[in-house]
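Numbering (our numbering), first residue to last: 4 to 99. Think of the CB as a built atom: it goes at the ideal place given N, C-alpha and C, for glycine as much as any other residue.
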Ligand SMILES: [Zn+2]
């Protein structure tokens with residue numbers, strides 16, 4: 004299976020994912036309404052936008068990265084991002 008990156012309209016499409024990659028709670032974001040959970044691997048507090056999928060286990064970016072790189076090498080990487088997450092990322096990148 005080739006590596007795949009998909010932007011999905013609806014968070015329900017992401018419910019079948021195994022993990023939800025989140026940034027740590029200590030990272031500053033412009034969002035005051037982020038919700039918090041714990042990384043399933045290291046137990047660090049992570050943050051995410053409200054209204055996301057509930058079934059995938061939250062995992063911090065630092066814990067997810069080695070597994071994602073490994074999966075990419077094997078052509079098994081499948082990443083989904085919500086439209087809202089992509090917009091949030093774009094805003095973070097542009098610094099406002
Ligand atoms: Zn972690």
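Following the DSSP letters along the chain, one finds residue 70 inside the alpha helix (DSSP H) bounded by residues 64 to 76.
Taking 7 Å as the cut-off, the Cβ atoms of residue 59 and residue 22 count as close. DSSP places residue 31 outside both helix and strand once states are collapsed to three, so it counts as coil. In the DSSP annotation of this structure, residue 86 is not part of any beta strand (DSSP E); the continuous alpha helix (DSSP H) holding it starts and ends at 86 to 96. When the five nearest sequence neighbours on each side are left out, the beta carbons in the same chain lying within less than 7 Å of the beta carbon of residue 86 are those of 10 and 12, in order along the chain.
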